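> I have a structure I would like to understand better, so I am pasting it below and will then ask my questions one at a time.
Chains as they are written, first to last, in my numbering: chain A, 174 to 625; chain B, 2 to 480.
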């Protein structure tokens, strides 16, 4: 169903029927753990596949006829988007959950409002109970044993950092010009040494150093930057007693010391309407890391939520780019906080408000603030107002209203979608990056946030 | 950033060979550099400390590039409405499926509804057009002004922006491929104009181009082509001569067909005999091939000696001549109707042998009326006749003989523009199930246009289910 269209007017779906969260198909599909789930989910968005389907104010549920004799019971928590299904799949959400949401998005009139069956009520109540339980105190820990373990680890890390510093100095002594000729084992051996030294953060940074694209123009700066980041962390660790406590936490985190999520959740968080700007996934040896970039509509604070999936399973979060999550976020201790976790999710909704930077000057000023507090920092999200793609010196740039330019990442997949949506007009845009390297992740088009 | 280049230069060569010249560092860093030099005896440490500070100085003091006057000409406002959000989603799915046939179907409906594609999905559609040339004409119509604007920015999508040249200009200055396409399209729309264009440029073309363009002229020939085509029989290029002759052999009014007719008139007649005590007349074929036959007949490709053991030389000559003349000629000469001609050949011992030549004549002269009569009056299955039949008859004929040649029938049916009947589709599904390695997803991708939506309830092969759903969604999205 669609509204009548004027010339060139962008179509919108009628919304005079109840649609949970008003999720678009595109948004629902971003929840899928992989391409095959997307495809199967679409196939299941077919009324004929569902024996029953209904909704209440807080949930959507249905019974899907699978290959077994008994239909699978699929349910979706609409307050804080979550899925449960009786199928054997360990993917999250499973194809049935996606199919049910997609069917509801396509044909909402098929879903009648009804009383929740026992299996839905039971699950929803359990979720509430679980939330309550989280607040209860844990059993006491053996503090003496814990201190012994921490001391042993501290010693291992100290030994590891000393070894790594010598390795860094060796590279500097010989010159980084020799770096492209090093064998993969040169980098991997040191990364493993860092794993043995219980410094997995440093191990990852050493691997990233070895993975520098030595064929790329300007590799020298990329390589030296990464080497100096490692050096800064090592120096920070050696001079930890002189550091500001927040910076000390950053150094610990970068080395690989973990922070107890339960302890974090004890701390007060930031309650805001968090707009999910985008999601980026990367996979390495079966471990998928999902990065969700968020921006607080009221506070203007940026956040990065990480989710780790082993072979595409065990996901807990279902954040949809374009939607706003009303939640309390607790930030990991840092001199320039970015990484956070969701302490309490209150609701998921659509919202048009956001806080933005007026132009590239403001973005750089923010970058200066960040690096003055935390010299080792990585990509951050920014919402920049009224950007226009322009062609200059044989490449595309993003021009702000003050005629300041930022080069668009070469071969950015988003370029043509941005150009198409822009049509030569300025757009509010969400970008992630740092220094002179930013990549667009979404734009506001006809007052709607679209990922690119 | 001169100071950073100094750091980089030292890093590249190594601290054993080069140290940073403090004079090149920004004045802000000078006191720190002095302090580091005084405090740090180890040269690697010294470099790393100085470089780390400079690294942070660099990233803290960035300024954006400023350039006045850069702009991007905005796209023109659209005049047509966008298709619905639902249709856009379906297009996304169709493009993801990478199925040109479904994309065609979607674009056809969008064009028919006078709508255009919204900007968020245009890049994906234009990319599909860059790969699949056959989609381009519809993309030009459905892409709206935004697509043309994008085409001017992306060389891969230049096809949509167009060259601004007219067909005639392109015919005169375009590449061979462009000229062939234009000639072929014009031949279908205005056959005489197409021939005239070719005649005008003929003397300036080289032999290879002449041949390529002449092949394009094979479609939709008319009697007005005869003088031009017959003049080519004396062309310098052997291949051009041969191609002209191929076309002329399909034209009933050509001199070569007239020569075949004259030869056949002398060689084959009907003998009428009284039968059943004079109550009825029995007709039989009589052969009397003349001893001397015009040499041109043989020069044009007719074989003098039989290359089939079941045919004598005389019979083989007749076989070739019959297939080279239209059946209307035989009917007129023998004063019979098509049905009588078929019966005459079926009842005569020689006629039975020569019967396939009748079929070949029907195919050669593209004769749908007689093709239908052939299928109605013969129990033998002639696969090649299928494309000449009307769609409903194609279905009936294919169903009737499906068990004999299922794979070949499916191949012919795929060439049709119309959807198959449900009955034919049912037979196909049953056959495809038996040969899963032959009828794969790739095969179904190419045939989704032919499969009717009603067949979704016939338990289609698994890969077809998704395609049929998309086809259904495409149709529903434009309802």
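Glycine is no exception: its CB is placed at the ideal position from the N, C-alpha and C atoms.
Only a predicted model underlies this, so the values are computations on that prediction, with no experimental measurement involved.
Less than 8 Å between CB atoms is the rule here; does residue 357(B) satisfy it with respect to chain A?
By 1-based counting over the second chain, the position of residue 357(B) is 356. Answer no: the Cβ-Cβ gap between residue 357(B) and chain A never drops below 8 Å.
> Between residue 345(A) and chain B, is the shortest Cβ-Cβ distance under 8 Å, so that the two count as touching?
On the first chain, position 172 is the one that residue 345(A) refers to. Closer than 8 Å: yes.
> Compare the Cα-Cα distances from residue 620(A) to each of 496(A), 513(A), 516(A) and report the closest residue.
Taking the first chain and counting its residues from 1, the one referred to as residue 620(A) is at position 447. Checked all of 496(A), 513(A), 516(A); the closest Cα to residue 620(A) is 496(A).
> Give a yes or no on whether the minimum CB-CB distance between residue 56(B) and chain A is below 8 Å.
Your numbering for residue 56(B) matches position 55 in the second chain. Chain A contact via Cβ: present.
> Under the assumption that residue 330(A) contacts residue 400(A) (Cβ atoms under 8 Å), give the Cβ distance between them as a whole number of angstroms.
Your numbering for residue 330(A) matches position 157 in the first chain. Your numbering for residue 400(A) matches position 227 in the first chain. Not quite, the Cβ-Cβ distance comes to about 19 Å (not below 8 Å), so this is no contact.
> Would you grab the beta carbon distance between residue 71(B) and residue 572(A) for me? Rounded to a whole angstrom, and I think it's under 8 Å.
Counting from 1 along the second chain, the entry for residue 71(B) is found at position 70. Counting from 1 along the first chain, the entry for residue 572(A) is found at position 399. Contact flag correct, Cβ pair sits at about 6 Å.
> Going along the chain, which unbroken runs of the alpha helix (DSSP H) with 4 or more residues stay wholly within the stretch 18-77 of chain B?
Counting only runs of 4 or more, we get 31-40, 44-61.
> Measure the alpha-carbon distance for residue 174(A) versus residue 86(B) and round it to whole angstroms.
Counting from one through the first chain, the residue named residue 174(A) turns up at place 1. Counting from one through the second chain, the residue named residue 86(B) turns up at place 85. For residue 174(A), the predicted model reports a pLDDT of 33, less than 50, meaning its position is unreliable; a value from the coordinates is still stated below. Their backbone Cα atoms lie some 9 Å apart in a straight line.
> What is the rounded straight-line gap between the Cα of residue 6(B) and the Cα of residue 445(A)?
Position 5 of the second chain, counted from the start, is the residue given in the question as residue 6(B). Position 272 of the first chain, counted from the start, is the residue given in the question as residue 445(A). Distance between the alpha carbons of residue 6(B) and residue 445(A) is about 44 Å.
> Tell me whether residue 609(A) sits in a helix, a strand or coil according to DSSP, three-state version.
Taking the first chain and counting its residues from 1, the one referred to as residue 609(A) is at position 436. Of the three classes helix, strand and coil, the one that applies to residue 609(A) here is coil, per DSSP.
> Do you know how far the Cα of residue 539(A) is from the Cα of residue 109(B)?
Position 108 of the second chain, counting from 1, holds the residue named residue 109(B). Position 366 of the first chain, counting from 1, holds the residue named residue 539(A). So the alpha carbons of these two residues sit roughly 50 Å apart.
> Are the stretch 412-429 of chain A and the stretch 573-586 of chain A touching by the rule of at least three beta carbon pairs closer than 8 Å?
No: the two stretches stay apart, fewer than three of their Cβ pairs being nearer than 8 Å.
> The beta strand (DSSP E) that contains residue 500(A), what's its start and end?
To locate residue 500(A), count along the first chain from 1; it is residue 327. It spans 497-504 - the beta strand (DSSP E) in which residue 500(A) sits, taken as one unbroken run.
> Do you know offhand how far residue 249(A)'s Cα is from residue 536(A)'s?
Position 76 of the first chain, counting from 1, holds the residue named residue 249(A). Position 363 of the first chain, counting from 1, holds the residue named residue 536(A). Going by the C-alpha atoms only, they are around 39 Å apart.
> Where DSSP assigns a beta bridge to residue 250(A), which residues make up the other side?
Mapped onto the first chain, residue 250(A) falls at position 77. In the DSSP output, where bridge partners are listed per residue, residue 250(A) has 232(A), 255(A).
> In the DSSP assignment, find the unbroken alpha helix (DSSP H) run with residue 636(A) in it and report its ends.
Nothing about residue 636(A) can be reported from this structure: the residues present for chain A run from 174 to 625 only.
> If you measure beta-carbon to beta-carbon, which residues of the stretch 572-583 of chain A are closer than 7 Å to chain B?
Under the 7 Å Cβ criterion, the stretch 572-583 of chain A contributes 572, 576, 577, 578, 579.
> Reducing DSSP to helix, strand and coil, say where residue 97(B) ends up.
Position 96 of the second chain holds residue 97(B). Note: residue 97(B) maps to helix in three-state DSSP.
> What are the boundary residues of the alpha helix (DSSP H) that includes residue 404(A)?
Numbered from its first residue, the first chain carries residue 404(A) at position 231. Note, residue 404(A): alpha helix (DSSP H), 392-411.
> Out of 610(A), 242(A), 251(A), point me to the one whose CA is closest to residue 227(A)'s CA.
Within the first chain, the letter at position 54 stands for residue 227(A). Of the listed residues, the one whose Cα sits closest to residue 227(A) is 251(A).
> Taking C-beta pairs closer than 7 Å, name the residues in chain A that residue 68(B) reaches, listed in chain order.
One-based indexing of the second chain puts residue 68(B) at position 67. Per Cβ cutoff of 7 Å: 565, 576, 578.
> Just curious, the beta strand (DSSP E) that residue 467(A) is in, first and last residue?
By 1-based counting over the first chain, the position of residue 467(A) is 294. Element bounds for residue 467(A): 460-469.
> Please work out which residues of its chain come closer than 8 Å, Cβ to Cβ, to residue 635(A), disregarding the five sequence neighbours upstream and downstream, and give them in chain order.
Here chain A comprises residues numbered 174 to 625, so residue 635(A) is not present and cannot be evaluated.
> From which residue to which residue does the beta strand (DSSP E) around residue 83(B) run?
Translated into positions along the second chain, residue 83(B) becomes position 82. Residue 83(B) -> no beta strand (DSSP E), and no H or E assigned at all.
> Less than 8 Å separating the beta-carbons of residue 506(A) and residue 603(A)?
The residue you call residue 506(A) lines up with position 333 of the first chain. The residue you call residue 603(A) lines up with position 430 of the first chain. Going by C-beta atoms, residue 506(A) is not nearer than 8 Å to residue 603(A).
> Taking the C-alpha atoms as reference points, what is the distance between residue 124(B) and residue 606(A)?
Counted from its first residue, the second chain places residue 124(B) at position 123. Counted from its first residue, the first chain places residue 606(A) at position 433. Cα to Cα, residue 124(B) sits roughly 24 Å from residue 606(A).
> Can you find the residues in the same chain that come closer than 6 Å, C-beta to C-beta, to residue 193(A), ignoring five residues on each side of it along the sequence?
Taking the first residue of the first chain as position 1, residue 193(A) is located at position 20. Reliability fails at residue 193(A), whose pLDDT of 48 lies under 50, so the model's placement of it is uncertain and the value that follows must be treated cautiously. Same-chain partners within the cutoff: 233, 251.
> Going along chain B, which residues have a C-beta under 7 Å from residue 592(A)?
Position 419 of the first chain, counted from the start, is the residue given in the question as residue 592(A). Under the 7 Å cutoff, chain B gives 151, 154.
> Just reading off the alpha helix (DSSP H) that residue 252(B) is part of, what are its end residues?
Here the question's residue 252(B) lines up with position 251 in the second chain. Element bounds for residue 252(B): n/a, residue is neither H nor E.
> Are the Cβ atoms of residue 254(A) and residue 198(A) separated by less than 8 Å?
The sequence position of residue 254(A) within the first chain is 81, counting from 1. The sequence position of residue 198(A) within the first chain is 25, counting from 1. It is not a contact, given that the beta carbons lie outside the stated cut-off.
> Name the chain A residues that come within less than 9 Å of residue 447(B), Cβ to Cβ?
By 1-based counting over the second chain, the position of residue 447(B) is 446. None at all; the shortest Cβ gap to chain A is about 20 Å.
> Relative to chain B, which residues along the stretch 347-371 of chain A have a C-beta separation below 7 Å, given in chain order?
Listed in sequence order: 347, 348, 349, 350.
> Could you give the uninterrupted runs of the beta strand (DSSP E) lying entirely in the stretch 413-462 of chain B, keeping only those of 3 residues or more?
DSSP runs (the beta strand (DSSP E)) wholly in the stretch 413-462 of chain B: none.
> Count Cβ pairs between the stretch 408-420 of chain B and the stretch 377-394 of chain B that sit closer than 8 Å; are there 3 or more?
Touching, yes.
> State the beta-bridge partners of residue 579(A) as determined by DSSP.
Mapped onto the first chain, residue 579(A) falls at position 406. DSSP output for residue 579(A) lists 571(A) as bridge partner(s).
> Which residue marks the beginning of the beta strand (DSSP E) containing residue 268(A), and which one marks its end?
Within the first chain, numbered from 1, the residue matching residue 268(A) stands at position 95. Careful: residue 268(A) lies outside any beta strand (DSSP E), inside the alpha helix (DSSP H) at 268-279.
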